[in-house]
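Structure record follows, encoded as structure tokens.
Numbering (the working numbering), first residue to last: 4 to 426.
The structure is reproduced here in structure tokens:
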């Protein structure tokens, strides 16, 4: 086997390997595109890999056609035969289209681009450049020289655009892809020099080695490039998942707050108490449980509407919150009843202060259209102590009973002068 035949065989094996690897990448891109979110840049990259696969296949057929024994193919016609030139044309067009689509996808990813208009323009330019390369390039090496400047510029632009992304958009995928683009630009530039030096100075040197093994270097870097693009897709998908999780977490927090807080008064509700929300301190020490009931809420609702009644409930909760400690907890127990838990407090101190607070609380101002100026807070309450967290529920039940006893006593002593309005 002559050196020329050995070189041709090495290149043929390289082409077969490149075709298989490119086809694998195309399959991966198709799978990722079908089963992942649709992203224009990723679809454009996938189309580019499809064009490269077709280009390699055309060159492989052309190489086989030229290397086939005479008894298999009667007349190859040499490098100037219509079949060979047509295959060269398909190869160069596919290569240039690959470069254009890869550049387009990168531009879409980094800056945004009108893909349809761009594709029409670059497809036309690729066809014209491919035809010129086949007409004026001569053999395979000459045609490759026509591809070198386009490849170097395209790969270099892609490397620059990905490499200059802000840190917030950078990741392993962008770093891998930018590095592959830069390496491809360098390899293609060196290969162009090697092709120019072929024969003479290049013989037996690094340049001759580069000419022979360019296909393998190109293959390795293209594999790195393709997997870098896949990593970019996965990183973008991960960011979307992280965003969705963050949004879901906020939604869950909002729903949890809606479930645990009374929307009218902003107090914790009975479900929050059942879930133990806000009771860590209360259950770790002794304290006092207070049940409070608004005596005149029904009267206000009946005479002035539920809107005024809601204002009175909100006002009552605000008055209580303004006069309790940060560690105390106020729950809307249901309807016009509220539960107040005061860790470390005694019944004697609590009951007197709360009664005085309710008696001295300013009345709720009202709109003149309601026929009165203010609404008085009329509250019944019951307070009971608890020794520890296990005794809290029993203390609440006792406080509830005490509160109802006071409420019944208040109703028996109610006189016409006790009306809940101050004119």
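Backbone N, C-alpha and C define an ideal beta-carbon position, used for all residues, glycine too.
Next on the checklist: Give me, in chain order, the residues of the same chain whose beta-carbon lies closer than 6 Å to that of residue 398; leave out the 5 immediate sequence neighbours on both sides.
Outcome noted: Counted from its first residue, the chain shown places residue 398 at position 395. Once the five neighbours on either side are set aside, the close Cβ partners of residue 398 are 292, 387 and 389.
Item to check | Length of the line joining the Cα atoms of residue 378 and residue 246 | outcome: Sequence index remark: in the chain shown, residue 378 carries index 375 (1-based). Sequence index remark: in the chain shown, residue 246 carries index 243 (1-based). Distance between the alpha carbons of residue 378 and residue 246 is about 49 Å.
Checklist entry - So does the region 43–54 actually touch the region 27–34, counting three or more Cβ pairs closer than 8 Å? => result Because the criterion of three Cβ pairs below 8 Å is met, the region 43–54 and the region 27–34 touch.
Checklist entry - According to the Cβ coordinates, are residue 1 and residue 343 closer than 9 Å? => result Residue numbering for the chain in the displayed model covers 4 to 426; residue 1 lies beyond these limits and cannot be assessed.
Item to check | Option in 160, 193 and 232 with minimal Cα separation from residue 216 | outcome: Start at 1 with the first residue of the chain shown, and residue 216 comes out as number 213. Here the closest residue by C-alpha is 193.
Checklist entry - Are the beta-carbon atoms of residue 284 and residue 365 separated by less than 9 Å? => result Locating residue 284 in the chain shown gives position 281, counting from the first residue. Locating residue 365 in the chain shown gives position 362, counting from the first residue. No, Cβ-Cβ distance for residue 284 and residue 365 is not below 9 Å.
Checklist entry - DSSP beta-bridge partners for residue 388? => result On the chain shown, residue 388 is found 385 positions in, with the first residue counted as 1. 291, per the DSSP bridge assignment.
Next on the checklist: To the nearest angstrom, how far is the alpha carbon of residue 205 from that of residue 212?
Outcome noted: Mapped onto the chain shown, residue 205 falls at position 202. Mapped onto the chain shown, residue 212 falls at position 209. Reliability of the predicted coordinates at residue 205 is poor, the pLDDT of 49 falling under 50, and the value obtained from them is presented with this limitation in mind. Cα-Cα distance, rounded: 9 Å.
Item to check | Simplified DSSP state of residue 414, which is helix, strand or coil | outcome: Numbered from 1 along the chain shown, position 411 holds the residue referred to as residue 414. In the structure shown, residue 414 sits in a helix (DSSP, three-state: H, G or I).
Checklist entry - Where does residue 359 land, buried or exposed, given buried means 16+ other C-beta within 10 angstroms? => result Here residue 359 corresponds to residue number 356 of the chain shown, with the count starting at 1. It is exposed - the Cβ of residue 359 has fewer than 16 other Cβ atoms within 10 Å.
Checklist entry - For residue 261, is the classification buried or exposed, using 16 other Cβ atoms within 10 angstroms of its Cβ as the cut-off for buried? => result The residue you call residue 261 lines up with position 258 of the chain shown. Per the 10 Å Cβ criterion, exposed.
Item to check | Same chain, Cβ closer than 6 Å to residue 112, five either side skipped, listed in chain order | outcome: As a working mapping, residue 112 is identified with position 109 in the chain shown. Taken in chain order, the residues that qualify are 44.
Item to check | Candidates 304, 164 and 60: closest to residue 105 by CA position | outcome: Position 102 of the chain shown, counted from the start, is the residue given in the question as residue 105. It is 164 whose Cα lies nearest to the Cα of residue 105.
Item to check | Closest by C-alpha distance to residue 229, when choosing among 101, 410 and 66 | outcome: Counted from its first residue, the chain shown places residue 229 at position 226. Nearest option by C-alpha distance: 101.
Next on the checklist: Assuming residue 174 is part of the alpha helix (DSSP H), what are its boundary residues?
Outcome noted: Translated into positions along the chain shown, residue 174 becomes position 171. Residue 174 -> no alpha helix (DSSP H), and no H or E assigned at all.
Item to check | Endpoints, alpha helix (DSSP H) assigned at residue 318 | outcome: As a first step, residue 318 must be located in the chain shown, where it is residue number 315. That run of the alpha helix (DSSP H) goes 309–325.
Next on the checklist: Quick check: what's the CA-CA separation for residue 311 versus residue 242?
Outcome noted: As a first step, residue 311 must be located in the chain shown, where it is residue number 308. As a first step, residue 242 must be located in the chain shown, where it is residue number 239. Cα to Cα, residue 311 sits roughly 48 Å from residue 242.
Checklist entry - Anyone know if the C-beta pair for residue 148 and residue 129 falls short of 9 Å? => result Stepping through the chain shown from its first residue, residue 148 is reached at position 145. Stepping through the chain shown from its first residue, residue 129 is reached at position 126. Contact flag unset, no.
Next on the checklist: Residues in the same chain with beta-carbon distance under 7 Å from residue 168, minus the five sequence neighbours each way, listed in chain order, please.
Outcome noted: Within the chain shown, numbered from 1, the residue matching residue 168 stands at position 165. So the list reads 113 and 177, once near-sequence residues are dropped.
Next on the checklist: Is it the case that the region 261–271 contacts the region 312–322, given that we only count it when at least three CB pairs across the two stretches are under 8 Å?
Outcome noted: yes
Checklist entry - Based on the DSSP output, what are the partners of residue 196 in its beta bridges? => result Here the question's residue 196 lines up with position 193 in the chain shown. Residue 196 pairs with nothing; no bridge assigned.
Next on the checklist: For residue 131, which residues in the same chain have their Cβ closer than 8 Å to its Cβ, ignoring the five residues on either side in sequence?
Outcome noted: Taking the first residue of the chain shown as 1, we reach residue 131 at position 128. Within the same chain, residue 131 has no close Cβ partners at all.
Checklist entry - Could you give the C-beta distance for residue 158 and residue 188, rounded to a whole number, given that I count them as a contact under 8 Å? => result The residue you call residue 158 lines up with position 155 of the chain shown. The residue you call residue 188 lines up with position 185 of the chain shown. Right, the Cβ-Cβ distance comes to about 4 Å (below 8 Å), so this counts as a contact.
Next on the checklist: Using C-beta distances below 7 Å, list every residue in its chain close to residue 23, excluding the 5 sequence neighbours before and after it, in chain order.
Outcome noted: Working through the chain shown from its first residue, we reach residue 23 at position 20. If we look at residue 23 and ignore the five residues flanking it on each side, it has no Cβ neighbours.
Item to check | Start and end residues, beta strand (DSSP E) containing residue 337 | outcome: In the chain shown, the residue the question calls residue 337 occupies position 334. Taken as a continuous stretch (DSSP letters only), the beta strand (DSSP E) holding residue 337 covers 332–337.
Item to check | Per-residue DSSP class, three states only, for residue 366 | outcome: Position 363 of the chain shown, counted from the start, is the residue given in the question as residue 366. DSSP places residue 366 in coil when its eight states are reduced to three.
Next on the checklist: Can you look up residue 203 in the DSSP assignment and give me helix, strand or coil?
Outcome noted: Mapped onto the chain shown, residue 203 falls at position 200. At residue 203 the pLDDT is 47, less than 50, meaning the model places this residue with poor confidence; the figure from the coordinates comes in the next sentence. It is helical.
Next on the checklist: Please classify residue 272 as buried or exposed, where buried requires at least 16 other C-beta atoms within 10 Å of its C-beta.
Outcome noted: Counting from one through the chain shown, the residue named residue 272 turns up at place 269. Buried, since its Cβ has 16 or more Cβ neighbours within 10 Å.
Next on the checklist: Using C-beta distances below 7 Å, list every residue in its chain close to residue 401, excluding the 5 sequence neighbours before and after it, in chain order.
Outcome noted: Taking the chain shown and counting its residues from 1, one reaches residue 401 at position 398. Short of 7 Å from the beta carbon of residue 401, and not among the five residues preceding or following it, lie these beta carbons of its own chain, in chain order: 387.
Checklist entry - So is residue 298 buried or exposed if we call it buried at 16+ other beta carbons inside 10 Å? => result Walking along the chain shown from the start, residue 298 turns up at place 295. With 16 or more other Cβ atoms within 10 Å, it is buried.
Checklist entry - Can you round the beta-carbon distance between residue 183 and residue 224 to whole angstroms, since I take them to be within the 8 Å contact cut? => result One-based indexing of the chain shown puts residue 183 at position 180. One-based indexing of the chain shown puts residue 224 at position 221. Between residue 224 and residue 183 the Cβ distance is about 5 Å, and since that is below 8 Å, they are a contact.
Next on the checklist: Can you give me the C-alpha to C-alpha distance between residue 237 and residue 109, rounded to a whole angstrom?
Outcome noted: Taking the chain shown and counting its residues from 1, the one referred to as residue 237 is at position 234. Taking the chain shown and counting its residues from 1, the one referred to as residue 109 is at position 106. Whole-angstrom Cα-Cα distance: 16 Å.
Item to check | Residue burial classification, residue 296 (beta-carbon count within 10 angstroms, cutoff 16) | outcome: Within the chain shown, residue 296 is the residue found at index 293, counting from 1. Buried, by the Cβ-count rule.
Next on the checklist: Assuming residue 362 and residue 385 are in contact, meaning their beta carbons sit under 8 Å apart, how far apart are those beta carbons, in whole angstroms?
Outcome noted: Numbered from 1 along the chain shown, position 359 holds the residue referred to as residue 362. Numbered from 1 along the chain shown, position 382 holds the residue referred to as residue 385. Actually they do not touch by this definition, with Cβ atoms about 16 Å apart.
Checklist entry - Span of the beta strand (DSSP E) holding residue 344? => result Counted from its first residue, the chain shown places residue 344 at position 341. Under the DSSP assignment, residue 344 falls in the beta strand (DSSP E) whose first and last residues are 340–346.
Item to check | 9 Å Cβ cutoff met for residue 126 and residue 94 | outcome: Taking the first residue of the chain shown as 1, we reach residue 126 at position 123. Taking the first residue of the chain shown as 1, we reach residue 94 at position 91. Residue 126 places its beta carbon 9 Å or farther from that of residue 94.
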